[in-house]
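Taking it in order: structure first as structure tokens, then the write-up.
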Amino acid sequence: MFGKKKESGLAVQHYEGIAQFATDYPCRLELDEQMLTVKRIKPETTVTLERSRITSISAMEEERFMLKYHGNAVSTSKAKGIKKYYLVIQYDKGFLAFWGTAKEYGEFLKMQFSSDSPDHISL
């Protein structure tokens, strides 16, 4: 009753793709049938992307992400033993990258697999 209101969406850190958001800035992601919504926390700013513009969603370990998108499989983690995982959202004009820990990785995979199931397949 008097507890903190549970915020909707998945808590992640913005890595790259939104020029107005700094690297490692906390955000919340929500993906529904029509829209991806990214909410930056303090100062609150909302960014939306129509789902129809999303071409793919990929979840991957940090080494794979860094190698694929930056040409070098380096770790950016400042804490030893804490592994980072990335969610990459490709869309018609580029990509957005967010990171989280093992706690968020399961949700990243759910987003990836939900985006891979088309509404209609024609053979």
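Position one of the sequence shown corresponds to residue 1 (the working numbering), numbered consecutively onward.
Built from N, CA and C at the ideal position, the CB exists for glycine as well.
Looking at C-beta atoms only, is the number of pairs between the segment 58-69 and the segment 17-30 that lie closer than 8 Å three or more? Between the segment 58-69 and the segment 17-30, the count of Cβ pairs shorter than 8 Å is below three; the stretches do not touch.
Taking 8 Å as the limit between beta carbons, can you name the residues of its chain near Ala73, skipping five residues before and five after? Glu63, Arg64, Met66 and Leu67
My output table needs one value for Phe95: the three-state DSSP class, helix, strand or coil. strand
Where do the N-terminal and C-terminal ends of the beta strand (DSSP E) with Lys39 fall, by residue? Met35 to Arg40
Val12 vs Gly100 beta-carbon contact at 7 Å: Contact annotation: Val12 and Gly100 have beta-carbon atoms nearer than 7 Å.
Distance, Cα to Cα, Thr55 vs Gly94? 10 Å
Specify the secondary structure class of Gly100 as computed by DSSP and reduced to three states. strand
For the alpha helix (DSSP H) that contains Glu44, what are its first and last residues? First-last for Glu44: undefined, no H or E at that position.
Would you tell me roughly how many angstroms separate the C-alpha atoms of Val38 and Ser8, rounded to the nearest one? 11 Å
When you compare only the Cα positions, how much space is there between Ser114 and Arg51? 12 Å
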